[in-house]
Amino acid sequence: MKVFRCGDVVPGCTTELRGDDEEAVLEAVERHARAQHGVAPDAELVGVVRDRVREG
Ligand SMILES: [Zn+2]
Numbered sequence: 012m013k014v015f016r017c018g019d020v021v022p023g024c025t026t027e028l029r030g031d032d033e034e035a036v037l038e039a040v041e042r043h044a045r046a047q048h049g050v051a052p053d054a055e056l057v058g059v060v061r062d063r064v065r066e067g
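For what it's worth, the numbering used here labels the leading residue of the sequence shown as 12, then goes sequentially.
The structure is reproduced here in structure tokens:
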């Protein structure tokens, strides 16, 4: 299981996105970013997320 803490990028956000692998986490992050933050992840943000995905 992989996990990404949105708060690592968006101060104050306590959401954690989980998935079986990095791609699944990225999909969850994209849905969360659109729904909660009104943004669509661009290549730069995807890179940041990949750097910060941890085993969880
Ligand atoms: Zn968030």
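Quick reminder that beta carbons are idealized off the backbone N, C-alpha and C, glycines included.
Please read these numbers as outputs of a predicted model, since none were measured by experiment.
- Shown here for Cys24: same chain residues with a beta carbon closer than 6 Å to its own, the five before and five after excluded, namely Cys17 and Gly18 in chain order.
- Inclusion of Ala44 in the 8 Å shell around ligand 1 follows from its C-beta lying nearer than that to a non-hydrogen atom of the ligand.
- Scanning its chain for C-beta atoms nearer than 8 Å, with the 5 sequence neighbours on each side dropped, one finds around Glu66 the residues Met12, Lys13 and Val14, in chain order.
- Secondary structure note for Arg42: its alpha helix (DSSP H) is the uninterrupted segment Glu33 to His43.
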